[in-house]
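Heads up: the sequence shown begins at 706 in our numbering, then just goes up one per residue.
Take a look at the structure below.
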Amino acid sequence: MISSIYPPPQVLLLLLSSWPRRDLPRTAVSCVALFVSFVLEAFTVLPNEQLVGLREKTISNSVALEENATTRESTGFEFRSTGVASDCPEQGTDRDDIDSEQDDDGLLLARSYFDTREYRRAAHALQSASGSTATFLRFYATYLAGEKRKEEDTVDLAGPLGRSDAVNLELVSLEQELSSLYRMGTLDAFGMYLYGVILRERDKHAEACTVLCASVNSYPWNWSAWLELQALCTDPDIFHTLDLKDHWMRDFFVASLFLDLQRNSEGLARYQSLNLLFPGSDHILAQTAVAHYNLREFDDAERLFEELLRADPYRIEGMDTYSNILYVKECFAALSHLAHKSVLTEKYRSETCCIIGNYYSLKAQHEKAVLYFKRALRLNPKFLSAWTLMGHEFVEMKNTPAAIDAYRRAVDINPRDYRAWYGLGQTYEILAMPYYALYYYRRATQLRPHDARMWCAMGQCYESDQLQIYDAAIRCYKRAVNNNDREGIALNKLAKLHVNLGRHEQAAFYFRKNLERMEADQNESQEYVDALLFLGNYSKNNGSLEEAEVYCTRVLDFGGPAKEDAKAMLREIRSVQQHEDNLQSMEADRGSP
């Protein structure tokens, strides 16, 4: 009968917890609490059974208080296993309980300010608050307030994409407070994460590594802390010094770090192992596709990205990398479809703007491409891909100062971005400044020692008219050949360099190697004709007339001056052959009786 008149007791609890308790008189709260307790006891089948999901209160244990914070915020009450009792302020209730409720209200108020990006109001609302959650939110809101002010100063001083010396003015005070709490051992995992972020921005990298390791060891599931730690591992040696506990999140960190350090084969192997533990993970699938892209296995990367989009058709994250693959493969229709779909899904995302920029770049509309890359950077000034791609567009537009600035901004954000270092080298090579270009190419080869393109670029720089350091160029081209030079640039360069140096035997060796590569690829370009002509002439001079005739005959299938050269060489070969035949016949006549 009572159950048909009154709502369930859990509903009463929710109604009471949502009531603005600051406006509710204390006696009214006590009365309602007593009523709810009575109704709960009347409806409870097993009164001594502890309610599921609610823990027993232990005032003396601060850890238990922190664990119960969620329960208190959601209901405002706690229940004991021996019956039901409210935690409302009643006669005889400790003043600490009232203060804790006020702290909870303050925390909710601060969260509201935080969600509306009023960071200083959020920090001020928590000035007198205690507890690890309130402490972290106060420090984090202060940090974001400083970041917001820094961005405003940057825009005022240099424009939305300009450079300035603006800094976060809150870092010093935050470091002092957090270091004191850290030494006292009162910082939780999230507080240590924020402390590590601040130390990194203060260029105290060794201390930041120590603090961030402590954070992820205490709470391994904070991926943001792992990413901050990854940014500090600029060298594999730093990684080996980290004191990290064995955890499956550590495996994700190591795999991501290997990709960042361009150890792509090792990173790919790690992700393939993780896929056995977490089958169907979109994150692992996306990272595996990125690994194939870094290894320049574009077909495999494209297939994985298509599989990812089938599983998650409205995904935007990482799709700028997919657009790079479509750009390299010159897939106009697929890139157009991806750009259109991304705009319909989320127009104002940096990834979407980069996809559209790649589309216009593929259509050779470089001004429009730059416009969208700038739009991506207005949305996220630290979006690395946009800076690098915009630098490429400025190179195409022959705006070298703007290209240099874009590439420098990219390496400021991530010094491990080999594309930006490579772009800087190309730009200074265009400016005929080979020593600057060599420095940047060397940085690129340090990051990508197994990328033949980096070694070819450095070799061309050594070979330039300003330097003419041919032996160094030959060493670079040999490194490119040993690292699977797919374009065959290094083999052709090696052959021609040896010709210029008068080393015809070595030149013939590399021309033959290049000829085999082009025949396998069915590539009959001008390099193919040049190789045939040189080998024909080399064979003729060494007395291998039949071999020389074969090479020259193959050149006759092509037009232009090379065909005439081959005809002249064949006439010379046949003349020599006829002369040798006459000599042989004369010797035979002399030897006959």
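C-beta: ideal position from N, C-alpha, C; glycine also.
Treat the numbers as computed from the prediction; the structure is a model and nothing was measured.
- For R1153, the CB contacts under 6 angstroms within the same chain, skipping 5 residues up- and downstream, are Q967, Y1123, M1159 in chain order.
- By the Cβ neighbour-count rule, R1184 is buried, with 16 or more other Cβ atoms within 10 Å of its own.
- For K1034, the CB contacts under 8 angstroms within the same chain, skipping 5 residues up- and downstream, are F1003, E1007 in chain order.
- For H1203, the enclosing alpha helix (DSSP H) covers residues 1194-1205.
- Within the same chain, G1241, S1244, K1245, I1278 come within 6 angstroms of A1253 by CB-CB distance, once the 5 residues on both sides are set aside.
- The alpha carbon of E933 has as its nearest neighbour, out of L962, K950, P941, D942, the alpha carbon of L962.
- Where D1004 is concerned, the enclosing alpha helix (DSSP H) starts and stops at 1003-1016.
- W953 sits exposed, since fewer than 16 C-beta atoms from the chains shown fall within 10 Å of its C-beta.
- Of all C-beta pairs linking the segment 880-889 to the segment 853-864, fewer than three are shorter than 8 angstroms, placing the two stretches out of contact.
- Its chain contains L876, L879, E880 as the residues whose beta carbon lies nearer than 6 angstroms to that of I903, once the 5 sequence neighbours on both sides are disregarded; these appear in chain order.
- The beta carbon of V1260 sits closer than 8 angstroms to those of V1234, L1237, L1238, G1241, A1267, K1268, D1270, A1271, all from its chain and outside the five residues before and after it, given in chain order.
- Between the alpha carbons of L947 and G1062 lies a distance of about 40 angstroms.
- In the structure shown, the three-state DSSP call for G985 is coil.
- When the alpha-carbon of K1073 is set against those of M1102, N1119, K1087, the nearest one is in M1102.
- For the pair G1130 and A1149, the CB atoms are nearer than the 8 angstroms cut-off.
- Just so you know, the alpha carbons of Y1112 and L1089 end up roughly 10 angstroms apart.
- A check of alpha carbon separations from V872 across R888, D820, K853 identifies K853 as the nearest.
- Only exposed fits Q1227, as fewer than 16 other CB atoms lie within 10 angstroms of its CB.
- Taking C-beta separations shorter than 6 angstroms and ignoring five residues to either side along the sequence, the partners of L874 in its chain run G851, following chain order.
- Of the candidates S1055, G1164, V1186, E1022, G1164 places its Cα closest to the Cα of A1178.
- The beta carbon of I1135 is closer than 7 angstroms to those of T1105 in its chain, skipping five residues each way along the sequence.
- In this structure, I943 places its C-beta atom within 8 angstroms of the C-beta atom of L937.
- Spanning the alpha carbons of A839 and G896 requires a straight line of approximately 11 angstroms.
- Under the three-state reduction of DSSP output, S835 falls in the coil class, being neither helix nor strand.
- In the same chain as C1257, and ignoring 5 residues on each side of it, the C-beta atoms closer than 6 angstroms to its own belong to G1241, A1271, M1274, L1275, in chain order.
- Cβ contact annotation for L1013 (same chain, cutoff 7 angstroms, sequence separation greater than five): D987, L990, A991, A994, R1020, in chain order.
- Burial check for Y1053: the Cβ neighbour count within 10 Å stays below 16, so the residue is exposed.
- Looking only at W928, L1000, L982, the smallest Cα-Cα distance to L973 is reached by L1000.
- Secondary structure at H1155: coil, using DSSP grouped into helix, strand and coil.
- Here D810 carries a helix assignment [DSSP, helix/strand/coil].
- H829 is the residue among E1221, G1265, H829 whose C-alpha sits nearest the C-alpha of R843.
- Taking a C-beta distance under 8 angstroms as the contact criterion, L1031 and L1049 do not qualify as a contact pair.
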